[in-house]
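As structure tokens, the structure follows; a few thoughts come after it.
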Amino acid sequence: MEFLVQHGADLLFYVFAVGALAAAVGVITLRNPMYCAISLLVCFLCVAALFLLRHAEFLALVQVFVYGGGIMVLFLFVIMLVNLHRLRESSVFGEYAPMAVVLAVLLVALVLFVFLNYDQQAVAAAPGAFVSVEGQVVGNSEAVAWTLYRDYLLPFEIASVFLLVAMVGAVVLGRKS
Amino acid sequence: MGAIEPREFLLLAPEIFLAVAGMVVLAVGSIGRGLAHRTTALISLVSLAVVGALVLTVQGPAVGGEAILAGMFMIDGYALFWKGIFLLATALTIVLSMRFVEEGGYPAGEFYALLLFATTGMLFMASGFNLLSIWISLELMALSSYILAGYFKRERRSNEAALKYFILGALSSGILLYGISLLYGATGTVQLTELAARLPAAMAAEGMLVSLGWLLLAIGLFFKVAAVPFHVWTPDVYVGAPTPVTAFLAVGSKAAAFAILVRILYQGLAPLLVEWQIVVAAVAVVTMIWGNLAAVTQSNVKRMLAYSSIAHAGYVLIGVLAATEDGLWAVLFYMLAYSFITLGTFATVILLERREYAGETYADYAGLARRSPFLAAMMLIFMLALTGIPPTGGFFGKVYLFAAAVQSGWTWVAVVGVLMSAVSLYYYMGIVVYMYLRDAEDDTPTPLPSRLLAGAIGLCAVITVLLGILPGPIVELAKASLLQLP
Amino acid sequence: MLEVGTTHYLVLSFLLFAIGVVGILARRNMITVLMSIELVLNSVNINFIAFSYQLGDLTGQIFAIFTIAVAAGEAAVGLGILLALYRLRETTQLDGATEMSG
Chain A
0 MEFLVQHGAD LLFYVFAVGA LAAAVGVITL RNPMYCAISL LVCFLCVAAL FLLRHAEFLA
60 LVQVFVYGGG IMVLFLFVIM LVNLHRLRES SVFGEYAPMA VVLAVLLVAL VLFVFLNYDQ
120 QAVAAAPGAF VSVEGQVVGN SEAVAWTLYR DYLLPFEIAS VFLLVAMVGA VVLGRKS
Chain B
0 MGAIEPREFL LLAPEIFLAV AGMVVLAVGS IGRGLAHRTT ALISLVSLAV VGALVLTVQG
60 PAVGGEAILA GMFMIDGYAL FWKGIFLLAT ALTIVLSMRF VEEGGYPAGE FYALLLFATT
120 GMLFMASGFN LLSIWISLEL MALSSYILAG YFKRERRSNE AALKYFILGA LSSGILLYGI
180 SLLYGATGTV QLTELAARLP AAMAAEGMLV SLGWLLLAIG LFFKVAAVPF HVWTPDVYVG
240 APTPVTAFLA VGSKAAAFAI LVRILYQGLA PLLVEWQIVV AAVAVVTMIW GNLAAVTQSN
300 VKRMLAYSSI AHAGYVLIGV LAATEDGLWA VLFYMLAYSF ITLGTFATVI LLERREYAGE
360 TYADYAGLAR RSPFLAAMML IFMLALTGIP PTGGFFGKVY LFAAAVQSGW TWVAVVGVLM
420 SAVSLYYYMG IVVYMYLRDA EDDTPTPLPS RLLAGAIGLC AVITVLLGIL PGPIVELAKA
480 SLLQLP
Chain C
0 MLEVGTTHYL VLSFLLFAIG VVGILARRNM ITVLMSIELV LNSVNINFIA FSYQLGDLTG
60 QIFAIFTIAV AAGEAAVGLG ILLALYRLRE TTQLDGATEM SG
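The listed protein sequences derive, respectively, from chains A, B and C.
Quick note: the first sequence, position 129, residue 128 per numbering that gives the first Met the number 0, numbers continuous.
Quick note: the second sequence, position 470, residue 469 per numbering that gives the first Met the number 0, numbers continuous.
Quick note: the third sequence, position 86, residue 85 per numbering that gives the first Met the number 0, numbers continuous.
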């Protein structure tokens, strides 16, 4: 019991990390696109839980709403719209699959080498930074909001034009002509 | 970082105006069904002119000022020079598109609006001074480009172009972003000057993390400028996309990608100069060799032009590599000359493309000198300029680039550039041989272009020749627009 | 080893990134390729959050918000292209969509 209290957060990390990885493997190996979509959803939710463990509460919420809600519904709509169950997939992977896997394994080996040499600290340098504005304790949402609308206002405005373009594009390309 | 003053938003007037103009075009396009083609094109052209004037009057006097909006947006001569190139490229693209979109029977409002939104993204890229604002503007431009590439959605090749462009574009922006995240982790900042200031310490503490980060970032950027070996998307996208869009991608997108590539390498990654010079040198050499050799083997003119644009990215990288003031203004001069030459070339291709995919094989150019002496003469000028033969802007552009490389000790790279230019003579002159020495299968005269399109081609040709005779003023302008080298 | 630090998050994020890249390059169905793109963008967010926590700096969280916005926009346009592909060819298989030699 004491062990659980002491290492609870660490154990949760392993649970959700393994969940995210398993779900991600499911996305790229399952044959039925509907199952792929469900796997993707599981992966998103696990990652949201990891965000919570790293004091990004607001972001965890956004992750659930936007990915789990918005993007997932978009995928499901399209899967049903194109009646994917009628389309027989001859084989899941294309001709480049072995090459891609070899490349990925090499890359993973290289990057793991870099990361394992990374001199990390186990604790946050300043956990208070995520919940405070100018020294006052508020909450993660408010702290994020202050930074977003004060320091990162310009990218925010550009992102609004970006989303407009996405909307126009989806309509232009998706509507029946 | 303090609060943002209203004055800082006034300085954004050109970008804001352009985004609003895009929305107006969108609205006009959906209201006026029949007249929309001409009206929306006209509104777009006028607003581009207004934006140009705004850039000069609002941002011009502020040149050399600080990075505004919490260090997000830099107004300097460098940004202004690129903005000029982008606005000219978009305006010419609109002129090239007018008949194309009308005959294709696709909605015009959205087409021009997307062009304007992409240009908005490019303007923000030129001024971007923070990896976050640079990246989001890059995404704005890229997303608009994906849609434009697939705009002729009833044509299989256009759809395929959009598909390939989208998948590889998204992959490359994922790689770019991963690189940014590692740089952020190692230094704790995404602002370019702070990044440069903190890199030496970060290099000492987390050398491998930094190296991996900037390498991934550079790979993402090489994807966007279509440098070998990250060019695989280019030929298919250039061939499949509607030809005016191809021209826009070959000029606008490429120029914008170079604008941020140079700014990030020179201002953000300045402490890593020695490291990135080696990588850029390798990529430049491979790009020039592969682009030119692959272009030789092509039988489709659009495909040949795609490989030629890859090769030209290699030449520009030589100037980037030099990392001197001479190299910098050579890049600016070359991109300006290249923009006019390439737009002129694609405009001529568009004219010949009247019938189903005509103008795409070399045979379609046979006897063009007899069928349309004007077009043949224009094409001759553009081909000479792409090869780099005087008296054209292409000649001086290459001379400046190669000279800058030689001066900073990269002679062998410049030698490869000269040799590969000689190779390029073969395929550019192939078209000239067909135009002037072969007889056409049918001798019907090619119908003369609309006055507007002919004017655009003529303008590009005149500027190309002028840059080859009197490069002085533009060189002075480029020299006045240099980046602050640390 | 049990003590979870930033390195653990980095390793997890890179594994997800690699899985996503393999999915983009290897899958033949366009819709799973789109899902793999989402995986890649998501993996970057883990990096940003982990670094943000370690540095005590909110920039990483802000960056992640923008990544999510971009992922949403790209999904919308990607699915639009997919619908256009389906209308043209009655398939969402990528090899059925290729006529130009890569």
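Ideal Cβ positions, reconstructed from N, Cα and C, are used throughout, including at glycine.
If we ignore side chains and look at the alpha-carbon of each, how far apart do residue i and residue j end up?
| i | j | result |
| --- | --- | --- |
| L163(A) | L152(A) | 17 angstroms |
| A121(A) | G55(C) | Unreliable positioning characterises A121(A) in this predicted model, as indicated by a pLDDT of 48, which lies under 50. The coordinate reading is nonetheless provided below. Each residue's alpha carbon lies about 12 angstroms from the other. |
| E314(B) | G416(B) | According to the sequence provided, residue 314(B) is Tyr. The question's Glu does not apply to it. If I take the Cα positions, the gap works out to 7 angstroms. |
| L142(A) | N31(A) | A small correction: the amino acid at residue 142(A) is Ala; Leu does not occupy that position in the sequence shown. If you take the alpha carbons of A142(A) and N31(A), they lie about 42 angstroms apart. |
| V26(A) | M71(A) | 13 angstroms |
| I456(B) | S371(B) | 14 angstroms |
| G471(B) | P13(B) | 28 angstroms |
| M202(B) | A196(B) | 11 angstroms |
| L17(B) | S46(B) | 7 angstroms |
| L383(B) | L452(B) | 21 angstroms |
| V7(B) | L20(A) | The sequence as given places Glu at residue 7(B); Val does not occur at that position. The straight-line gap from Cα to Cα measures roughly 45 angstroms. |
| V50(B) | Y111(B) | 15 angstroms |
| V23(B) | L81(C) | 28 angstroms |
| A75(C) | S159(A) | 15 angstroms |
| I3(B) | L216(B) | 30 angstroms |
| T90(C) | A305(B) | 28 angstroms |
| E56(A) | V107(A) | 29 angstroms |
| A269(B) | G290(B) | 28 angstroms |
| K478(B) | V77(A) | 52 angstroms |
| I349(B) | P243(B) | 7 angstroms |
| P199(B) | G187(B) | 13 angstroms |
| V14(A) | V32(C) | 26 angstroms |
Among all the DSSP beta bridges, which residues are the ones paired with residue i?
| i | result |
| --- | --- |
| N129(B) | Q190(B) |
| V224(B) | Note: V224(B) sits in no beta bridge, so no partner. |
| R174(A) | BP columns for R174(A) are empty, so no partner. |
| N44(C) | In the DSSP output, where bridge partners are listed per residue, N44(C) has none listed. |
| I67(B) | F72(B) |
| V135(A) | First, the amino acid is wrong: residue 135(A) is Gln here, not Val. Note: Q135(A) sits in a beta bridge opposite V132(A). |
| N299(B) | T360(B) |
Please list, in chain order, the chain A residues whose beta carbon lies closer than 7 angstroms to that of residue i.
| i | result |
| --- | --- |
| T119(B) | V160 |
| A18(B) | V160 |
| V81(C) | The sequence given here has Leu at residue 81(C), not Val. Under the 7 angstroms cutoff, chain A gives V77. |
Run through chain C and tell me which residues come within less than 9 angstroms of residue i, C-beta to C-beta.
| i | result |
| --- | --- |
| Y34(A) | By Cβ distance, chain C contributes nothing, its closest Cβ being about 10 angstroms from Y34(A), past 9 angstroms. |
| V284(B) | Chain C residues near V284(B): none, gap ~23 angstroms exceeds 9 angstroms. |
| R149(A) | By Cβ distance, chain C contributes nothing, its closest Cβ being about 11 angstroms from R149(A), past 9 angstroms. |
Run through chain B and tell me which residues come within less than 9 angstroms of residue i, C-beta to C-beta.
| i | result |
| --- | --- |
| V3(C) | Within chain B, no residue comes near V3(C); the closest Cβ sits about 16 angstroms away, beyond 9 angstroms. |
| V110(A) | L211 |
| L14(C) | None at all; the shortest Cβ gap to chain B is about 13 angstroms. |
Look up residue i in the DSSP assignment and say whether it is helix, strand or coil.
| i | result |
| --- | --- |
| R88(C) | helix |
| R437(B) | coil |
| F72(B) | strand |
| G53(C) | One detail in the question is off: residue 53(C) reads as Gln in this sequence, not Gly. Residue state, collapsed to three classes: helix. |
| T360(B) | strand |
| N82(A) | coil |
| D150(A) | coil |
| L67(C) | As written in the sequence, residue 67(C) is Ile, which differs from the Leu given in the question. Looking at I67(C) - three-state DSSP - the assignment turns out to be helix. |
| A16(A) | helix |
| E352(B) | coil |
For a contact meaning CB atoms closer than 8 angstroms, what does residue i contact in chain B?
| i | result |
| --- | --- |
| I78(A) | Correct list: empty, because the minimum Cβ distance to chain B is about 18 angstroms. |
Could you tell me which chain B residues have their CB closer than 7 angstroms to the CB of residue i, listed as they occur along the chain?
| i | result |
| --- | --- |
| I23(C) | I166 and L170 |
Which chain C residues sit within Cβ distance under 8 angstroms of residue i?
| i | result |
| --- | --- |
| V189(B) | T58 and F62 |
| A48(A) | Here the premise fails: no neighbours, minimum Cβ distance about 11 angstroms. |
| L172(A) | V76, G79, I80, L82 and A83 |
Chain C partners of residue i, CB-CB under 7 angstroms?
| i | result |
| --- | --- |
| L39(A) | M34 and E37 |
| L60(A) | Neighbours of L60(A) on chain C: none; closest Cβ ~11 angstroms, over 7 angstroms. |
In chain A, which residues lie less than 9 angstroms from residue i when you measure between Cβ atoms?
| i | result |
| --- | --- |
| N46(C) | Ordered by position in chain A, no residue passes the 9 angstroms Cβ test against N46(C), which lies about 10 angstroms from the chain. |
Which bits of chain A does residue i rub up against, with CB to CB less than 8 angstroms?
| i | result |
| --- | --- |
| V69(C) | A158 and F161 |
Margin query: Which complete alpha helix (DSSP H) runs does the stretch 79–139 of chain B hold, if anything under 4 residues is left out?
Written below: 107–126
Note to self: Which complete alpha helix (DSSP H) runs does the stretch 215–264 of chain B hold, if anything under 4 residues is left out?
What the structure shows: 233–239, 242–247 and 253–262
Margin query: List, from N- to C-terminal side, the alpha helix (DSSP H) runs of 4 residues or more that fit wholly inside the stretch 400–482 of chain B.
Written below: 410–436, 450–468 and 471–479
Next item on the list: Report the residue ranges of all alpha helix (DSSP H) runs contained in full by the stretch 149–196 of chain B; include only those spanning at least 4 residues, in chain order.
Entry: 155–186
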